[in-house]
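Written out below as structure tokens is the structure these notes cover.
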Amino acid sequence: MERFDSKGMMIMPNPLKSEIAGKKKVLIVDQLFCQNGHNLISKRAIFNGYPGLLIKVRQDDDAGLIALSPFYGENSRFTLDIDLIDQKILSLMCPVCGVEMPVISPCNCGGNLVAFFLTKECDFRNCVGICTRVNCSNSHIVHSGELITRSMLESL
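Here is the structure:
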């Protein structure tokens with residue numbers, strides 16, 4: 284996949300062309316925090332007009348940034364300063380303070396689900412869980428202690 288167009292501009296995935304964005308009901312995450320209160324939603328990573336999640340990652344001895352789509356269920360991403368290896372386990376960290384995100388639970392792929400908090404209070408009852416394994420699409424949202432699933436969104 285090419286990273287830059289003929290004018291040198293970075294090519295970003297367009298969620299509107301995806302199956303998720305074509306649905307009538309879409310959940311867009313507009314704020315996520317590390318446990319030190321830094322907002323990880325950044326205008327440095329725009330996905331169809333919406334700021335994305337910007338996180339620091341470590342893979343073995345390499346480190347870089349990953350920008351993830353703010354659309355729940357959309358697996359678009361791009362990387363800066365790192366080439367990800369399929370199925371490798373990453374450390375996911377805050378790009379501001381470098382703190383590693385806390386583990387919520389093991390993922391069924393063998394990685395871990397780590398927490399990104401919906402509020403500055405760092406409450407596991409209000410968080411987004413993202414798997415640490417490259418290309419595992421397992422993620423979930425917990426709001427007020429209840430698991431929010433894609434099927435719940437579709438039934439609204």
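In terms of the working numbering, the sequence shown opens at residue 284 and continues consecutively. Note that CB positions come from ideal geometry on N, CA and C, so glycine has one too.
Review point. What are the residues that DSSP puts in a beta bridge with S388?
Key: Here the question's residue 388 lines up with position 105 in the sequence shown. L396, per the DSSP bridge assignment.
Review point. Roughly how many angstroms lie between the CA atoms of F407 and A398, to the nearest whole one?
Key: Translated into the one-based positions of the sequence shown, residue 407 becomes position 124. Translated into the one-based positions of the sequence shown, residue 398 becomes position 115. Computed Cα separation, rounded: 7 angstroms.
Exercise for review: Helix, strand or coil for Q342, going by three-state DSSP, please let me know.
Suggested key: Here residue 342 is taken as the residue at index 59 of the sequence shown, counted from 1. It is a strand residue.
Practice item. Go ahead and pull the three-state DSSP assignment for T402. Key: What you label residue 402 is simply residue 119 of the sequence shown in a count that begins at 1. Annotated three-state conformation of T402 is coil, per DSSP.
Review point. Out of L367, P353, G335, which has the shortest C-alpha to C-alpha gap to T415?
Key: Start at 1 with the first residue of the sequence shown, and residue 415 comes out as number 132. The candidate whose alpha carbon is nearest that of T415 is L367.
Review point. When we look at the beta-carbon of K308 and count the other beta-carbons within 10 Å, is it buried (16 or more) or exposed?
Key: Position 25 of the sequence shown, counted from the start, is the residue given in the question as residue 308. K308 is exposed by the Cβ-count criterion.
Check your understanding: Does the distance from the CB of V340 to the CB of I329 come in under 8 angstroms?
Key -> In the sequence shown, residue 340 corresponds to position 57, counting from 1. In the sequence shown, residue 329 corresponds to position 46, counting from 1. It is not a contact, given that the beta carbons lie outside the stated cut-off.
Point to revise | Contiguous alpha helix (DSSP H) assignments of at least 4 residues, all confined to the segment 342-378 | key: DSSP assignment within the segment 342-378 yields no whole alpha helix (DSSP H) run of 4 residues or more.
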